[in-house]
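Working notes, structure below.
4 protein chains.
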Amino acid sequence: MDPRRFTYAFNVRLHDTDAAGRLFFGHLFRHAHDAYETFMTQVGLPLERLIREGELLLPLVHAEADYHRPLRQGDRVQVVLTIDEIRARSFAVAYRFEMPDGTLAATAKTVHLRINRDGSPAAGLSDEIRNAILPYLHEDHPQ
Amino acid sequence: MDPRRFTYAFNVRLHDTDAAGRLFFGHLFRHAHDAYETFMTQVGLPLERLIREGELLLPLVHAEADYHRPLRQGDRVQVVLTIDEIRARSFAVAYRFEMPDGTLAATAKTVHLRINRDGSPAAGLSDEIRNAILPYLHEDHPQ
Amino acid sequence: MDPRRFTYAFNVRLHDTDAAGRLFFGHLFRHAHDAYETFMTQVGLPLERLIREGELLLPLVHAEADYHRPLRQGDRVQVVLTIDEIRARSFAVAYRFEMPDGTLAATAKTVHLRINRDGSPAAGLSDEIRNAILPYLHEDHPQ
Amino acid sequence: MDPRRFTYAFNVRLHDTDAAGRLFFGHLFRHAHDAYETFMTQVGLPLERLIREGELLLPLVHAEADYHRPLRQGDRVQVVLTIDEIRARSFAVAYRFEMPDGTLAATAKTVHLRINRDGSPAAGLSDEIRNAILPYLHEDHPQ
Numbered sequence: 036m037d038p039r040r041f042t043y044a045f046n047v048r049l050h051d052t053d054a055a056g057r058l059f060f061g062h063l064f065r066h067a068h069d070a071y072e073t074f075m076t077q078v079g080l081p082l083e084r085l086i087r088e089g090e091l092l093l094p095l096v097h098a099e100a101d102y103h104r105p106l107r108q109g110d111r112v113q114v115v116l117t118i119d120e121i122r123a124r125s126f127a128v129a130y131r132f133e134m135p136d137g138t139l140a141a142t143a144k145t146v147h148l149r150i151n152r153d154g155s156p157a158a159g160l161s162d163e164i165r166n167a168i169l170p171y172l173h174e175d176h177p178q
Numbered sequence: 036m037d038p039r040r041f042t043y044a045f046n047v048r049l050h051d052t053d054a055a056g057r058l059f060f061g062h063l064f065r066h067a068h069d070a071y072e073t074f075m076t077q078v079g080l081p082l083e084r085l086i087r088e089g090e091l092l093l094p095l096v097h098a099e100a101d102y103h104r105p106l107r108q109g110d111r112v113q114v115v116l117t118i119d120e121i122r123a124r125s126f127a128v129a130y131r132f133e134m135p136d137g138t139l140a141a142t143a144k145t146v147h148l149r150i151n152r153d154g155s156p157a158a159g160l161s162d163e164i165r166n167a168i169l170p171y172l173h174e175d176h177p178q
Numbered sequence: 036m037d038p039r040r041f042t043y044a045f046n047v048r049l050h051d052t053d054a055a056g057r058l059f060f061g062h063l064f065r066h067a068h069d070a071y072e073t074f075m076t077q078v079g080l081p082l083e084r085l086i087r088e089g090e091l092l093l094p095l096v097h098a099e100a101d102y103h104r105p106l107r108q109g110d111r112v113q114v115v116l117t118i119d120e121i122r123a124r125s126f127a128v129a130y131r132f133e134m135p136d137g138t139l140a141a142t143a144k145t146v147h148l149r150i151n152r153d154g155s156p157a158a159g160l161s162d163e164i165r166n167a168i169l170p171y172l173h174e175d176h177p178q
Numbered sequence: 036m037d038p039r040r041f042t043y044a045f046n047v048r049l050h051d052t053d054a055a056g057r058l059f060f061g062h063l064f065r066h067a068h069d070a071y072e073t074f075m076t077q078v079g080l081p082l083e084r085l086i087r088e089g090e091l092l093l094p095l096v097h098a099e100a101d102y103h104r105p106l107r108q109g110d111r112v113q114v115v116l117t118i119d120e121i122r123a124r125s126f127a128v129a130y131r132f133e134m135p136d137g138t139l140a141a142t143a144k145t146v147h148l149r150i151n152r153d154g155s156p157a158a159g160l161s162d163e164i165r166n167a168i169l170p171y172l173h174e175d176h177p178q
């Protein structure tokens with residue numbers, strides 16, 4: 036069965052760009068996380084609940100991005116989000132940033148680790164988290 | 036007696052600028068607050084202590100800025116911070132953003148209100164706060 | 036005749052908040068400008084065109100905001116944008132940040148000045164700009 | 036011969052943190068690039084010159100970071116920057132984010148590609164760039 040597809044769209048704003056006229060690379064991660072927050076809310080795991088319950092239990096431990104073509108102010112970008120990998124205590128999220136004509140502008144990946152309140156790694160992802168994100172697991176990476 | 040003078044310096048970075056080649060106006064407030072944080076630490080009121088003690092008790096209730104000349108990447112800027120006004124439950128901080136030749140690039144102002152933990156306005160600024168900032172009160176605004 | 040009403044909505048994201056658990060004040064201006072960019076595109080004056088034509092001819096010369104209640108991650112905010120004032124060479128934009136229940140969370144204002152390419156103030160706003168924004172002029176401020 | 040060591044320091048500010056009380060991951064890249072800009076200026080390649088000469092000829096094509104421990108407001112962080120690799124048309128910069136006690140808080144890496152004005156990959160890094168960064172090449176990666 037094909038994994039479910041989650042998409043999120045945004046416009047590149049003036050404050051996203053820098054004096055070189057293109058998106059400042061670091062801001063791509065802000066948009067990636069906006070997509071991730073929206074995704075987590077949709078699958079029933081809104082970050083504000085996790086944080087308000089006392090602690091963010093899924094800190095980001097790795098992030099990376101590849102930039103294929105410049106993004107400029109006014110560009111409309113669609114983010115296609117999939118779960119790239121689910122491991123015992125962590126999961127990886129993959130992002131494709133696409134232009135309206137389907138051109139790939141950038142890709143990104145973030146890795147989220149389940150920890151205990153004292154900061155130590157948790158025994159494992161909770162079933163709630165695992166079940167929520169599993170339908171979005173990319174087919175090339177079977178669990 | 037002249038008020039004490041607090042200064043803070045920063046460089047305009049690529050991510051501060053936008054595609055128009057100048058500092059994006061909203062980022063000026065980030066630099067103003069950096070100066071404010073540094074000032075508060077110097078006068079013995081580090082924000083991290085206030086926040087870690089349970090709540091930020093001095094939320095910002097007003098901010099404003101005037102932009103006199105464009106700031107560009109690589110510019111060195113000095114921020115001159117003074118206390119503009121001290122009222123019963125709030126105080127105002129004034130910022131002058133100056134170029135190395137003394138030219139005024141921008142000014143800003145922020146107003147900070149003492150509140151209780153439940154969000155209601157506090158009876159007044161604590162003596163600790165009042166005494167810490169009083170030496171920096173601008174002379175045109177006697178208490 | 037009532038002025039036209041322009042609205043823009045956004046969600047408060049994790050990166051909008053700070054360790055005090057609420058929107059960092061400076062980020063409100065980023066959202067205000069997002070609303071302004073969207074507005075300018077709708078009225079036929081997309082900023083990317085102005086910038087790509089060689090220079091941003093409408094630099095922001097003043098900004099201010101008042102914060103009425105804290106905004107937290109996950110909050111849905113509606114921005115109501117009106118033109119507050121039109122002068123010979125500048126115009127002011129007013130923003131109301133409203134919660135879903137209509138509560139006012141914050142207000143903001145930005146002033147934009149028409150300049151020439153060399154940085155000197157222009158003779159006046161162009162008719163194109165004036166005509167585009169006039170329908171949104173707030174009724175309490177007749178031209 | 037040991038490579039030269041370039042260091043850059045910053046304080047974690049309130050706007051760097053989020054409601055979870057720690058540095059928002061994406062902001063690490065802003066600080067990494069601040070270190071890079073300062074480094075480039077020191078080695079005689081200030082970015083503002085490259086950009087003002089008409090175009091940023093060294094766009095960032097890859098970025099990554101690993102987060103080892105949370106950074107909080109008020110933390111003083113030292114960035115140790117080295118050149119990780121020099122290839123025909125690109126170079127990689129490595130960053131170590133260290134606490135005052137020497138603890139490693141995070142690492143990051145950025146890859147910069149020389150391109151022509153039309154966006155096509157350049158024939159190679161210029162001698163000016165190669166000679167400027169070579170003294171900082173990490174010893175584990177001989178050219």
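Protein chains in written order, with the numbering used here: chain A, 36 to 178; chain B, 36 to 178; chain C, 36 to 178; chain D, 36 to 178.
Backbone N, C-alpha and C define an ideal beta-carbon position, used for all residues, glycine too.
In this text, all values refer to a predicted model and were calculated from it rather than measured experimentally.
By a C-beta neighbour count over all protein chains shown, 10 Å radius and 16 as the cutoff for buried, is residue i buried or exposed?
i                      : result
residue 51 of chain B  : buried
residue 117 of chain B : buried
residue 88 of chain B  : exposed
residue 62 of chain A  : buried
residue 110 of chain C : buried
residue 138 of chain C : exposed
residue 53 of chain B  : buried
Excluding sequence positions up to five away, which residues of its chain have a Cβ less than 6 Å from the Cβ of residue i?
i                      : result
residue 105 of chain C : 57
residue 48 of chain B  : none
residue 145 of chain D : 95, 98, 128
Can you find a CB in chain A that lies within less than 9 Å of the CB of residue i?
i                      : result
residue 58 of chain C  : no
residue 108 of chain B : yes
residue 111 of chain C : no
residue 69 of chain B  : no
residue 82 of chain C  : yes
residue 94 of chain D  : yes
Residue i and residue j: beta carbons closer than 9 Å?
i                      : j                      : result
residue 148 of chain D : residue 94 of chain D  : yes
residue 143 of chain A : residue 64 of chain A  : yes
residue 68 of chain C  : residue 60 of chain B  : yes
residue 43 of chain D  : residue 114 of chain D : yes
residue 100 of chain B : residue 66 of chain C  : no
residue 172 of chain B : residue 120 of chain B : yes
residue 38 of chain D  : residue 163 of chain D : no
residue 130 of chain A : residue 55 of chain A  : no
Going along the chain, which residues of its own chain have a beta-carbon closer than 7 Å to the beta-carbon of residue i, five neighbours each way excluded?
i                      : result
residue 78 of chain A  : 167, 168
residue 124 of chain D : 148, 149, 156, 157, 159, 160
residue 140 of chain B : 103, 104, 106, 112, 132, 133, 134
residue 92 of chain A  : 85, 149, 150
residue 170 of chain C : 38, 39
With a threshold of 9 Å between beta-carbons, can residue i be considered close to chain B, or not?
i                      : result
residue 101 of chain C : yes
residue 74 of chain C  : no
residue 54 of chain C  : yes
residue 79 of chain A  : no
Measure from the C-beta of residue i to each C-beta in chain C and report whether the shortest distance is under 9 Å.
i                      : result
residue 176 of chain D : The predicted position of residue 176 of chain D is uncertain, since its pLDDT is 48 and thus under 50; no value can be drawn from it.
residue 138 of chain B : no
residue 145 of chain B : yes
residue 64 of chain B  : yes
residue 157 of chain B : no
residue 168 of chain A : no
residue 86 of chain A  : yes
Taking CB distances under 9 Å as the criterion, tell me whether residue i reaches chain D.
i                      : result
residue 97 of chain B  : no
residue 150 of chain B : no
residue 153 of chain C : no
residue 182 of chain B : Summary: the structure shown does not reach residue 182 of chain B, with chain B confined to residues 36 through 178, and so no result is reported for it.
CB of residue i to nearest heavy atom of the ligand MN: below 8 Å?
i                      : result
residue 171 of chain A : What this structure holds is no ligand at all, so the ligand MN is not there to describe.
Counting only the same chain and skipping the five closest in sequence on each side, list residues whose C-beta sits under 8 Å from that of residue i.
i                     : result
residue 76 of chain B : 82
Note down, one range per segment and in chain order, each beta strand (DSSP E) of at least 3 residues found wholly within the region 75-102 of chain A. 95-102
Contiguous beta strand (DSSP E) assignments of at least 3 residues, all confined to the region 114-147 of chain A: Annotation note: the region 114-147 of chain A contains the following uninterrupted beta strand (DSSP E) runs of length 3 or greater, listed N- to C-terminal: 125-133.
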